[in-house]
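Residue numbers (our numbering): 8 to 312.
Here's what the structure looks like:
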């Protein structure tokens with residue numbers, strides 16, 4: 008997929024002013040993980056690796072490493088609103104990825120400002136729990152997520168436990184159950200326009216996994232092998248940001264959403280497979296966002312130092 012494709016505006020007042028840009032501008036509205044494996048930092052790496060210019064709005068701060076989240080701080084919503092408004096007033100944003108929001112107040116603020124700016128291609132990853140099992144979203148925020156933010160989302164990317172919470176049911180644990188969950192999740196999105204569900208099956212038991220991509224009409228089953236590694240910190244953040252980076256670049260291609268998702272998943276599989284090349288912490292390490300770009304980097308480094 009070429010990164011030089013001209014991003015087309017799809018209803019965003021901000022994006023329309025930059026429709027001729029050769030490189031799409033993509034923003035992450037999410038939390039900060041100091042270890043760099045998830046959240047805004049991981050999203051910016053993903054955007055850069057996939058040919059998009061990355062912007063970031065900080066919705067929450069965490070004290071976090073590869074083992075645990077030891078603290079969460081949510082900045083005032085007035086400042087969050089100021090971040091979004093200042094950015095969108097100046098920069099043509101061609102896609103928006105939303106990750107950890109933390110609270111109901113933050114969630115409704117983000118929803119309100121995205122509606123104001125008519126944000127295009129909003130990819131919503133409903134982050135609720137970290138890889139270490141720590142809660143990243145207050146229970147009181149779940150209804151705000153469904154009622155305020157889902158109407159702004161072009162594509163949502165829940166994993167199986169998140170799907171269970173959103174649907175108020177047991178999490179699916181078979182592909183057959185995933186089909187029904189994907190259908191019900193699509194019913195939570197506006198029915199009058201094109202919207203998508205990418206239901207991630209990484210929590211399925213066994214050695215094979217499958218994701219489902221559904222727009223209310225066509226269900227696409229996307230199988231993949233399970234890679235034997237503990238370095239999977241931030242995979243959900245990374246996949247959703249990869250899709251956000253690629254959606255503007257896939258515009259005009261045959262089945263652009265499916266194309267973007269397939270490319271994003273293939274790239275993420277490479278990032279997981281090469282995660283062992285990194286040595287970041289001793290818990291669940293991050294994926295290797297730059298696995299396709301850092302080949303031979305040690306040799307290059309020696310030639311400059």
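Cβ coordinates follow ideal geometry from the N, Cα and C atoms, glycine included.
Backbone CA spacing between residue i and residue j [nearest angstrom]
i           : j           : result
residue 298 : residue 185 : 31 Å
residue 295 : residue 188 : 31 Å
residue 96  : residue 290 : 40 Å
residue 53  : residue 249 : 6 Å
residue 262 : residue 256 : 12 Å
residue 253 : residue 223 : 22 Å
residue 211 : residue 76  : 24 Å
residue 8   : residue 221 : Only weak support is given to the placement of residue 8: the predicted model assigns it a pLDDT of 43, under 50, and the question is left unresolved by the model.
residue 92  : residue 158 : 19 Å
residue 264 : residue 83  : 35 Å
residue 74  : residue 107 : 18 Å
residue 179 : residue 94  : 38 Å
residue 31  : residue 81  : 29 Å
residue 119 : residue 86  : 14 Å
residue 191 : residue 42  : 35 Å
residue 278 : residue 204 : 23 Å
residue 260 : residue 285 : 35 Å
residue 183 : residue 98  : 43 Å
residue 193 : residue 173 : 11 Å
residue 171 : residue 177 : 5 Å
residue 44  : residue 72  : 9 Å
residue 215 : residue 272 : 15 Å
residue 154 : residue 235 : 38 Å
residue 268 : residue 112 : 30 Å
residue 233 : residue 270 : 17 Å
residue 156 : residue 213 : 33 Å
residue 258 : residue 276 : 23 Å
residue 128 : residue 287 : 32 Å
residue 181 : residue 225 : 19 Å
residue 123 : residue 100 : 14 Å
residue 29  : residue 59  : 9 Å
Rounded distance between the beta-carbons of residue j and residue i, thought under 8 Å
i           : j           : result
residue 219 : residue 206 : 5 Å
residue 152 : residue 116 : That pair is no contact at about 13 Å.
residue 61  : residue 70  : At roughly 23 Å, the Cβ-Cβ gap does not stay under 8 Å, so residue 61 and residue 70 are not in contact.
residue 238 : residue 209 : Contact doesn't hold; Cβ gap of about 14 Å is too wide.
residue 110 : residue 160 : Actually they do not touch by this definition, with Cβ atoms about 18 Å apart.
residue 217 : residue 201 : Residue 217 to residue 201, Cβ: 23 Å. No contact.
residue 301 : residue 57  : Not confirmed; about 14 Å, so no contact.
residue 168 : residue 240 : That belief does not hold up - the Cβ atoms of residue 168 and residue 240 are roughly 16 Å apart, past 8 Å.
residue 33  : residue 251 : 5 Å
residue 103 : residue 121 : 7 Å
Assigned secondary structure, residue i (DSSP; H/G/I helix, E/B strand, else coil)
i           : result
residue 181 : coil
residue 104 : strand
residue 159 : helix
residue 55  : helix
residue 298 : coil
residue 283 : helix
residue 168 : helix
residue 263 : helix
residue 34  : strand
residue 134 : coil
residue 278 : helix
residue 46  : helix
residue 270 : helix
residue 123 : helix
residue 96  : helix
residue 113 : helix
residue 3   : The question about residue 3 has no answer, for the chain in this structure spans 8 to 312.
residue 73  : coil
The ligand NAD heavy atom lying under 8 Å from the CB of residue i
i           : result
residue 282 : This structure does not include the ligand NAD; it has no bound ligands of any sort.
Touching by the beta-carbon criterion (3+ pairs, under 8 Å), the region 46–58 and the region 234–252
By the Cβ test, the region 46–58 is in contact with the region 234–252, since at least three Cβ pairs between them sit closer than 8 Å.
Pair every Cβ in the region 34–41 with every Cβ in the region 65–84, then say whether three or more of these pairs are closer than 8 Å.
A contact between stretches requires three or more CB pairs, one per stretch, nearer than 8 Å, and the region 34–41 meets this requirement with the region 65–84.
Output the residue ranges of the alpha helix (DSSP H) runs that lie fully inside the region 185–257 and measure 4 residues or longer, sorted by chain position.
For the region 185–257, whole alpha helix (DSSP H) runs of length 4 or above, ordered along the chain, are 242–257.
For the structure I just gave you, are there three or more beta carbon pairs, one from the region 122–132 and one from the region 158–165, closer than 8 Å?
Yes: at least three Cβ pairs fall under 8 Å.
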